[in-house]
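Trainee: Just so we're aligned: the sequence shown equals residues 154 to 239 in my numbering. Ideal Cβ placement from N, Cα and C applies to all residues, glycine included. One structure coming up, written as structure tokens, with questions to follow.
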Amino acid sequence: REDIKSVIDSLVYDDEVEEYADPTASNWGSNGNSFDEKKWKLTNRISPYDFFTETPCGVCPVSDSCAANAEISPLTCKYMDDWLWI
């Protein structure tokens with residue numbers, strides 16, 4: 154029980170989960186300090202990774218000219234090859 158509380162406390166401190174009031178609980182509106190009465194949910198924290206800009210296309214200066222059958226294409230893109238480790 155203390156191990157679980159310790160893990161949850163760590164997740165709260167790391168802003169991965171947050172404690173919230175459960176309006177369906179029978180004691181809603183009371184102090185609710187008991188561990189058994191607490192509820193947690195994942196935070197809506199923004200990911201530190203912006204997956205669009207992490208791809209080569211997201212930061213490519215010529216992406217507007219890129220097309221499947223054009224001179225600049227995903228098939229001939231060196232940056233795409235490096236990103237995919239080809």
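Can you tell me whether W238 is helix, strand or coil according to DSSP?
Mentor: The answer is coil: DSSP assigns W238 none of H, G, I, E or B.
Trainee: Could you please give the first and the last residue of the uninterrupted beta strand (DSSP E) stretch that includes E171?
Mentor: Looking at the DSSP string, the run of the beta strand (DSSP E) that includes E171 is 170 to 173.
Trainee: Note down the Cα distance separating E190 from I161, rounded to an integer number of angstroms.
Mentor: Each residue's alpha carbon lies about 14 angstroms from the other.
Trainee: Is D162 near the ligand COA, in the sense that its beta carbon is under 7 angstroms from a heavy atom of that ligand?
Mentor: Inclusion of the ligand COA in the displayed structure is not the case, the ligand content being empty and no account of it being possible.
Trainee: My assumption, with CB atoms under 8 angstroms, is that W238 sits in contact with T208. Please give the rounded CB distance.
Mentor: Wrong, their Cβ atoms sit about 14 angstroms apart, outside the cutoff.
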